[in-house]
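Enquirer:
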Amino acid sequence: MPQRLLVLGSTGSIGESTLDVVSRNADAFVVHALTAHRNIERLFKQCLKFRPALAIVSEPHHAIELQANLQSVGLKTEVYCGAQALCTAASAADYDTVVAAIVGAAGLPPVLSAARAGKKILLANKEALVMSGALFMDTAAKSGAVIVPVDSEHNAIFQCLHGAQKAPGEIERLILTASGGPFRTRPVHTLDQVTPDEACAHPNWRMGRKISVDSATMMNKGLELIEARWLFDIGAERIEALIHPQSIIHSMVVFRDQSVLAQLGTPDMRTPIAHALAYPQRMASGVEPLDLAKVATLTFEKPDLTRFPCLALAQQVIREGGGMSTVLNAANEVAVEAFLARRIRFTDIARVVDGVLQKNTGASVRSFEDVMATDEQSRQMGHEAVQRLCHSTAYFVSKPNHSSLSRS
Ligand code: NAD
Ligand code: MG
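Note that UniProt numbering numbers the sequence shown so that position 79 is 79, with each residue one more than the last.
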C-alpha cells in the first residue's frame, strides 16, 4: 500500500526536496495534502503535478484564488485556509505520514495534532521540539506516533543508533557536526556589518532564510542540541557540537566502548528525507554519490563561543531547562525576522535573545497552553528589545561595538 502523505510547508526548501524524492518513487506514495503560507504560485504547480485531495494556505484571499485556478484546470483539490485547517488535516484519519516542514513556531500546532493522532512524523521543524520538548515526546509516546528526524544531524544519529535504541546506557556521547556557516573565518569585528544576503549564503546547503541565518549565528546548532536532548532522551551534558566545515559527516555517536559511528553523505537534504520516508526500508534519493577521494580532507574544530554567542546562549538554556528553550526560540525568531528586515544588525540577534532570556529566568512550561503563552510573552519582549536596538538606515556603516552582549 502506498503511504499517504501530508506535507506541511510543501513550498519551502524541505517541502520541495520531499516532493522531489516522492516523484522519484511515485509508486510508494499518494500525496494527500500540501500546504503553504503565501506562495500560491508554487503550490498551484505542485497541485498540478501531485493532484492532492487537499491544499491549505494561510490567508482566505489566497485560498479563493488558488481554488479558482485549480478549478479552471479541472482539478478537484479542495482548498482550505488558516491554522485551524492545518490542525484538522493533521489529525484526520485519511493519511499516514506527515512531513513537518513549516518553519518556526507556526509548525507546532499541526505537528502536535499529528502526534496526538499517532501518525508517522517526519520532523524537520526543529522549533516545535525546542518549544515543547518533553511534552511533545510524551504526547507521541502515548499515542504511538513514530518520530523520524529529518534534520540531517539527528537523522544521522538515528541511523547510527539503529538497533541500539533500547540500550541508552551504551551511548556515551552524541557529537553533532556543524559547518560553521558562512562566517566561520570572517574577522569577528566585521560581523556587525553582515547583510541578510551574506548571512543566507550558506557554503554547503541551500535552505530557507530563517534556518540560514540560524546557521550563520550557530543558533541552529544550539537549537539542534536541544532537539537531540529530547529526541534521543540523553542528558545535555553528553551532547556536543563540533565544527566540520565540509559537512560530509552529518553526526556521530560515541558508544561506551569508545566505538564511534558516523553517518556520511553528500550534503543534500534529500538523503535524510528519503531515509525518513522509506524508514525502515531504503529508497532512491537522487543525491550525488559521495566521492571521498574528491573531498580529500575532513577537518574538525571546536566552536568559538565568542564568535558564536548564540550557541553559548543555547547551551546555557539547556543547562537551565524548564521553559527557557521556549523563550530562546521565540526571542530568536523575532530577532532573525528583524535582522532579515534590516531593522537590527547581525550581532544584535544575540543581544535580543540574551535580553529576553535574562527577563525570563526560571520560566517553566507544564502544558501546551503554557508553551503558547510563554512563546507569546517572549515574542512581545523580543519585539520590545528590537525596538530599543532599532538603528537608522545607516546601521551598515556605523562603527562596530562588541564590548558586551547586553547593550543598554
Ligand atoms: P522555508 O522557509 O524554505 O519553508 C518554510 C515552509 O513553511 C514554506 O512552505 C512556507 O510556506 C511555510 N510557512 C512559513 N510560515 C508559515 C506559517 N506561518 N503558517 C503556515 N506555513 C508557513 O524553510 P525550510 O528551510 O524548508 O525549513 C523548514 C523547517 O525545516 C525549519 O524548521 C527548519 O529549521 C527545518 N530544517 C530545514 C533544513 C533545510 O535544509 N532547509 C534542514 C534541517 C531542518
Ligand atoms: Mg541540521
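Ideal Cβ placement from N, Cα and C applies to all residues, glycine included.
I'd like the ranges of any beta strand (DSSP E) spanning at least 3 consecutive residues and lying wholly in the stretch 103–134.
Expert: With a minimum length of 3 residues, the continuous beta strand (DSSP E) runs that stay inside the stretch 103–134 are 120–123.
Enquirer: If you follow the beta strand (DSSP E) that residue 149 is in, where does it begin and where does it stop?
Expert: Residue 149 -> beta strand (DSSP E) spans 146–149.
Enquirer: Mapping DSSP to helix, strand and coil, what is residue 480?
Expert: The chain is shown from 1 up to 408; residue 480 falls before or after that span and cannot be answered.
Enquirer: Does the beta-carbon of residue 224, which I'm using as the reference point, lie nearer than 7 Å to any heavy atom of the ligand MG?
Expert: Yes.
Enquirer: With a 10 Å radius around its C-beta and 16 neighbouring C-beta atoms as the bar for buried, classify residue 374 as buried or exposed.
Expert: Buried, because 16 or more other Cβ atoms sit within 10 Å of the Cβ of residue 374.
Enquirer: Is the beta carbon of residue 114 closer than 8 Å to that of residue 141?
Expert: Their beta carbons are not under 8 Å apart, which means residue 141 does not touch residue 114 by this criterion.
Enquirer: Does the stretch 361–374 come within contact of the stretch 318–328, defined as at least 3 CB pairs closer than 8 Å?
Expert: Short answer: they touch.
Enquirer: Count Cβ pairs between the stretch 62–81 and the stretch 335–350 that sit closer than 8 Å; are there 3 or more?
Expert: Touching, no.
Enquirer: Against chain B, with Cβ distances strictly below 8 Å, would residue 231 count as a contact?
Expert: Of the protein chains in the structure, only one exists, and it is not chain B.
Enquirer: Going residue by residue through the UniProt domain "DXP reductoisomerase C-terminal" (264–380), where are the continuous beta strand (DSSP E) segments of at least 3 residues, counting only ones entirely within it?
Expert: With a minimum length of 3 residues, no continuous beta strand (DSSP E) run stays inside the UniProt domain "DXP reductoisomerase C-terminal" (264–380).
Enquirer: Going by DSSP, what residue range makes up the beta strand (DSSP E) through residue 84?
Expert: Residue 84 -> not in any beta strand (DSSP E); alpha helix (DSSP H) instead, spanning 83–91.
Enquirer: Say whether the stretch 133–148 touches the stretch 336–344, bearing in mind that this needs 3 or more beta-carbon pairs closer than 8 Å, one atom from each stretch.
Expert: As far as the Cβ criterion goes, the stretch 133–148 does not touch the stretch 336–344, which means the pair count is below three.
Enquirer: Give me the Cα-Cα distance between residue 19 and residue 359, rounded to the nearest whole angstrom.
Expert: Residue 19 and residue 359: Cα-Cα distance of roughly 42 Å.
Enquirer: Please report the straight-line C-alpha distance between residue 263 and residue 311, rounded to a whole angstrom.
Expert: About 23 Å.
Enquirer: Go ahead and label residue 64 buried or exposed: buried means 16 or more other beta carbons lie within 10 angstroms of its beta carbon, across all protein chains shown.
Expert: Looking at its Cβ environment, which holds fewer than 16 other Cβ atoms inside 10 Å, residue 64 is exposed.
Enquirer: Sorted by chain position, which residues of the same chain lie with C-beta nearer than 7 Å to residue 382's C-beta, five sequence neighbours on each side aside?
Expert: Taken in chain order, the residues that qualify are 330, 331, 334, 335, 352 and 356.
Enquirer: Return the Cβ separation of residue 225 and residue 241 in integer angstroms, given the expectation that the two are a contact with Cβ distance under 8 Å.
Expert: 6 Å between Cβ atoms; contact.
Enquirer: Is residue 127 near the ligand NAD - that is, is its Cβ less than 7 Å away from at least one heavy atom of it?
Expert: Yes, Cβ of residue 127 sits closer than 7 Å to a heavy atom of the ligand NAD.
Enquirer: Could you give the DSSP three-state label for residue 404: helix, strand or coil?
Expert: Here the model assigns residue 404 a pLDDT of 38, short of 50, so the residue's position is not dependable, and the following value carries that caveat. In this structure, residue 404 counts as coil in the three-state DSSP scheme.
Enquirer: Say yes only if the C-beta of residue 179 is nearer than 7 Å to one or more non-hydrogen atoms of the ligand MG, and no if none qualify.
Expert: Result no, Cβ not under 7 Å from the ligand MG.
Enquirer: Less than 6 Å between C-beta atoms, sequence neighbours within five positions excluded: which residues of the same chain meet that for residue 378?
Expert: These residues qualify, in order along the chain: 327, 330, 331 and 356.
Enquirer: Which same chain residues, not among the five before or five after residue 406, have their C-beta less than 8 Å away from its C-beta?
Expert: Here the model assigns residue 406 a pLDDT of 38, short of 50, so the residue's position is not dependable, and the following value carries that caveat. These residues qualify, in order along the chain: 351, 354, 355 and 358.
Enquirer: Assuming residue 269 contacts residue 179 under a Cβ cut-off of 8 Å, what Cβ separation, rounded to an integer in Å, is found between them?
Expert: With a Cβ gap of about 13 Å, residue 269 and residue 179 do not count as contacting.
Enquirer: Let me know if residue 214 comes out buried or exposed under the rule of 16 or more other beta-carbons within 10 Å of its beta-carbon.
Expert: Residue 214 should be labelled buried.
Enquirer: Residue ranges of each alpha helix (DSSP H) run of no fewer than 4 residues wholly in the stretch 186–220, ordered along the chain?
Expert: Counting whole runs of 4 or more residues, the stretch 186–220 contains the alpha helix (DSSP H) stretches 196–200 and 209–217.
Enquirer: Spatial neighbours of residue 408 within its chain, please: CB distance less than 7 Å, with the 5 preceding and 5 following residues excluded, ordered by chain position.
Expert: Reliability of the predicted coordinates at residue 408 is poor, the pLDDT of 30 falling under 50, and the value obtained from them is presented with this limitation in mind. Hits under 7 Å: none found.
Enquirer: State the DSSP-derived secondary structure class of residue 3, mapped to helix, strand or coil.
Expert: The answer is strand: DSSP assigns residue 3 an E or B state.
Enquirer: Would you list the one or two residues that DSSP bridges to residue 252?
Expert: Note: residue 252 sits in a beta bridge opposite 175 and 262.
Enquirer: One question on the structure: do residue 100 and residue 125 come within less than 8 Å of each other, judged by their Cβ atoms?
Expert: Contact flag set, yes.
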